[in-house]
Structure formats: C-alpha cells, structure tokens
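So that you can map any letter, position 174 of the sequence shown is 383 in our numbering, and since no number is skipped, the others follow by simple counting.
What follows is a short report on a single structure.
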Amino acid sequence: MFRRQVAWRVFIEEVKRSRYIHEEEMDDKTIRYLVSPFGALINRVFFVGTVTDVIESKERRSIKARISDITGVISIYAGEFQPDVYTFLKLLENEPTIVMLTAKIRIFEPEEGRKIPIIRPEWIKKAKLSDRNAWIIDVASNTIERLNYVRKIAENFDNDLTEDMLIELQVPFHYWKPLKLTFTYYTPEEILKEVEDYKALLTDSLGYISDIMKFELEEFEIETEEEPEVEEEVETPKEEYELEEAYEEAPSSLEKVIIDTIKEMDSGAGAPWSGVIDRVHKITGVSKEIIEEVIEDLLTRAEIYEVSRGRLKAF
Numbered sequence: 210m211f212r213r214q215v216a217w218r219v220f221i222e223e224v225k226r227s228r229y230i231h232e233e234e235m236d237d238k239t240i241r242y243l244v245s246p247f248g249a250l251i252n253r254v255f256f257v258g259t260v261t262d263v264i265e266s267k268e269r270r271s272i273k274a275r276i277s278d279i280t281g282v283i284s285i286y287a288g289e290f291q292p293d294v295y296t297f298l299k300l301l302e303n304e305p306t307i308v309m310l311t312a313k314i315r316i317f318e319p320e321e322g323r324k325i326p327i328i329r330p331e332w333i334k335k336a337k338l339s340d341r342n343a344w345i346i347d348v349a350s351n352t353i354e355r356l357n358y359v360r361k362i363a364e365n366f367d368n369d370l371t372e373d374m375l376i377e378l379q380v381p382f383h384y385w386k387p388l389k390l391t392f393t394y395y396t397p398e399e400i401l402k403e404v405e406d407y408k409a410l411l412t413d414s415l416g417y418i419s420d421i422m423k424f425e426l427e428e429f430e431i432e433t434e435e436e437p438e439v440e441e442e443v444e445t446p447k448e449e450y451e452l453e454e455a456y457e458e459a460p461s462s463l464e465k466v467i468i469d470t471i472k473e474m475d476s477g478a479g480a481p482w483s484g485v486i487d488r489v490h491k492i493t494g495v496s497k498e499i500i501e502e503v504i505e506d507l508l509t510r511a512e513i514y515e516v517s518r519g520r521l522k523a524f
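Here you go:
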C-alpha cells in the first residue's frame, strides 16, 4: 500500500537552497525528493505564512500566488485538479492572508543544473497569527537541531557517515536517512559554508521573537525532550480483523471521537499524538494502527492539523 510522505516543517529558504534531487521507487511509483544541505529529505511540506499576489490564468485554468515566511518568498500553484485550493486562493482577492497548507513539491528543470521547486498545495486554510508564531518557533527549533547535527558531522566526517558516528552523536533515528543522503550529495565543505550562511540568516530573521524562543541561537544548541515510551498492546489477527470490520461500518463515529478527544486534551499547545491514540483506543477498542490511519486521513483532509511536531489541533 502506497503511504503518503511526511510533510516536513521547513522554512521557505531551506527549500530554495536544496540543490539536489534523489529518486526512489516505491510501490511502482517514483518518488522524487529535494535533498537539503541541512539534513532534510523533502517531498511534501507544511507551511504557515502569508499569501499575496494571487494571479488567475483562465486560459490555463490555473492560479498562482506567493507565500512568504520570515526567511523568504516562494510561488504556489493550483489547477483544475486542486479545486478547493483554486477556489480558496481565488476568493482571497489579493488581500494578504495568513494561511496554513500542506503541499507536494515537484521539481521543474528548465535547463541542466537549474532546478525550480513547484509548490502545489493539497489543502489550504486560513490561520491565525498565533498559529504562525507557533509554527515559526517549532520550525526554528527543529532546524537548529538539524543544523547542529550536520555541523558536527561535517567537522568530523571521514569519507563515510557511519551508524557508529550517528549513535555517538546521539542523532535521532528519524534523521539518519536524510543525513546520509545529505552527505552523499553535498561535500562537508559545502555543508559547513551553507550552515554558517543559514545561521546568519536565521539570526536576523528570528531577532524579533528571540525572547519567545527560550534558547540562544548563538549557542547553536537546543534542549529536546523525548516523548515517554508507551507500551504497545498486542492484538491477535482475529481481534484486529474484527476491529477493522467495526471501523468500516462506522468510520464517521470514530472520526468524531478522535476530533472530540483532540479538543478535550488540547490545553493550548495541542494534544499529544500518542496520547490521543491511547485514549481513543481505550474509549473505542479500535486498534491503534487503525486510529493512526484515521488521524492521517483527517490530516490529509484538513479536518485537524499538527500545530507542532507530534501535537494535534482540531478546528
């Protein structure tokens, strides 16, 4: 079964600085990724920013707009295959509007050595200033974490990025593959230069929210908290099959339980993803795997969203 790729939370400038494309075959499909010099492997993105300059082309039945964050501006596009996004952008009438969106990145190569990322939103909604600020803080924290890892690796790189080095540097497992590909496509010298340039850009861009961010960018280190481990309950194949049947019969009721649970557990910063799964599992008896699939489906349909990594909010 083909699974949707993770939507990376990155600033626009990181997308624009990603110069290489990596291709993989998955379930008879070719997946193309942008390889960032900062340890991200980007196929989809989650942005929160300000949309301006909406231009409709009736002849091409397409619409173009610009979205900006604190680091830069990039164009987004929608056509007849994204009718909801098309209508949303058309109704903005060039009023600067804060939005949140999940988008697929396609890479246009007009000539050899030149790559232009094409941002095609899958869904888009209006957002509040508080949503934008929360996104900025979350993306900045995660970006600085990755910058710290790539800098340490580049300074100690010796022909190959080994698992022993990743373990020694205490790099989280979900960064291993992106980091290995970063050091496949970029040289350590290129990475160190990019890191210093990007650090300077972030220092300028984040100046106005430095008091909110609870860490000093100059130190180039952040503290991270690990989520507590939750012991998984084992279900028999028969039980799992019966639960799948139950879900197929009443999917809307399960969606309502999930949305209500997110609202109940949200104390302001969003409800913890794993906590929502655990509580819904206890309430309904539905397997955690199915609950997670429904959550992913709700995210895709923009019924809920991730306000930060691993924390959910409902509209």
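Quick reminder that beta carbons are idealized off the backbone N, C-alpha and C, glycines included.
- The bridge partners DSSP lists for M235 are K238.
- For the 8 Å CB-CB criterion, A216 and T280 do not form a contact.
- DSSP places R329 within a strand segment (E or B) once states are collapsed to three.
- S227 sits in coil when the DSSP states are folded into three classes, being neither helix nor strand.
- In the structure shown, L415 adopts coil according to DSSP, grouped into three states.
- In the DSSP annotation of this structure, R269 is not part of any beta strand (DSSP E), being labelled neither H nor E.
- For Y358, the uninterrupted alpha helix (DSSP H) run begins and ends at L338 to N365, by DSSP.
- Contact between K335 and T306 holds: their C-beta atoms lie close to 6 Å from each other, under 8 Å.
- For Y384, no beta strand (DSSP E) encloses it, and the DSSP letter there is neither H nor E.
- Within the DSSP secondary-structure output, Y286 pairs in a beta bridge with K273.
- When V224, I346 and T259 are compared, the shortest CA-CA separation from G248 is found for V224.
- Between L370 and L388, the C-beta spacing is below 8 Å.
- About 17 Å separates the CB atoms of R226 and E354; that is not less than 8 Å, and the two are not in contact.
- The DSSP-derived three-state label of I279 is coil.
- By the criterion of a C-beta distance shorter than 6 Å, F392 is surrounded in its chain by L370, once the five residues flanking it on both sides are discounted.
- The shortest CA-to-CA distance from A343 to any of A274, V257 and Y407 is the one to V257.
- Beta-carbon to beta-carbon, I328 and I314 are separated by about 6 Å, close enough to satisfy the 8 Å threshold.
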